[in-house]
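Residue numbers (the numbering used here): 4 to 314.
Note that beta-carbon positions come from the ideal geometry of N, C-alpha and C, so glycine has one too.
All of these numbers come straight from a predicted model, not from anything done at the bench.
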């Protein structure tokens, strides 16, 4: 198989550098992989991403760069797949740092399960370990909070190209944050594709340690996720999707109660979160923030849904 690693990026230069350099260090133990390329799609970055890529071409022999105006991850991934030459597509995000055996592990799992099932109607889903260790992201151990029950999340998946094309690629109507990969997953599931867990294909998802400065952007992401969730539901009006996007009475009650109707918010919980951060517990502070962030998300879902119904 020939693998095309498709990566959308937007203003993530420091961690993107680690992401690409790690992919250039892939080691192969057999001839399952005939070759690979890294298809990077810059989604209108303004942080010198393209300058750095041009200056470091010699260090990045597998990287092919494509550009677009800022249109979102769905359009960027579609551009990447369209320009890829591989029969197998691996999706990762540009803040993921992988191990040397990453591609070989995906290839092994794909080949084994194709033999076992006598079909390529499957895709592999690698492990994603969250870390805020920028200097050495791959040193982070697996944590129970790293578990994901998602069916198709593009942080770390490998799939035969023709299934993506048959499903119709990503819906570019998802221009804001959230759901474009899980929506494609619904279409892939309808085609009968089986999810194969591949814990050996490890990626370390870096994000900075939580601090109060991140809260405005986190709130905005939840609002965007709520709006995109309604698009997801309109395309697939099922109870499963309603549960995913938190558009149920249960979610409204749960986060309404936990946030005391929005009384527990970024202002009233500010001192508590800062106290936890000062004591070296930013992850716990982030969990406290989830109380009001989920309430923002639920309200945004219902606001977007009601607005679309009025129209």
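Asked, Found
"Report yes if the C-beta distance between residue 92 and residue 7 is below 7 Å; otherwise report no.", "yes"
"Please state whether DSSP places residue 45 in a helix, a strand or coil.", "strand"
"State the DSSP-derived secondary structure class of residue 36, mapped to helix, strand or coil.", "coil"
"Here's the rule I'm using: 16 or more other beta-carbon atoms within 10 Å means buried, otherwise exposed. How should residue 243 be labelled?", "exposed"
"Between 167, 77, 42, which has its C-alpha nearest residue 65's C-alpha?", "42"
"Looking only at its own chain, which residues have a Cβ that is under 8 Å from the Cβ of residue 74, when we skip the five neighbours before and after it?", "46, 47, 175, 178"
"Any idea which residues DSSP pairs residue 201 with across the strands?", "129"
"Throw me the rounded Cβ distance for the residue 108 and residue 201 pair, which I believe falls under 8 Å.", "6 Å"
"DSSP on residue 158, reduced to helix/strand/coil?", "coil"
"Give the DSSP-derived three-state secondary structure of residue 176 in the structure shown.", "coil"
"Evaluate residue 260 with the Cβ neighbour count: other Cβ atoms within 10 Å of its Cβ, from every protein chain shown; 16 or more gives buried, anything less gives exposed.", "exposed"
"Could you check what DSSP says for residue 211 in three-state terms: helix, strand or coil?", "coil"
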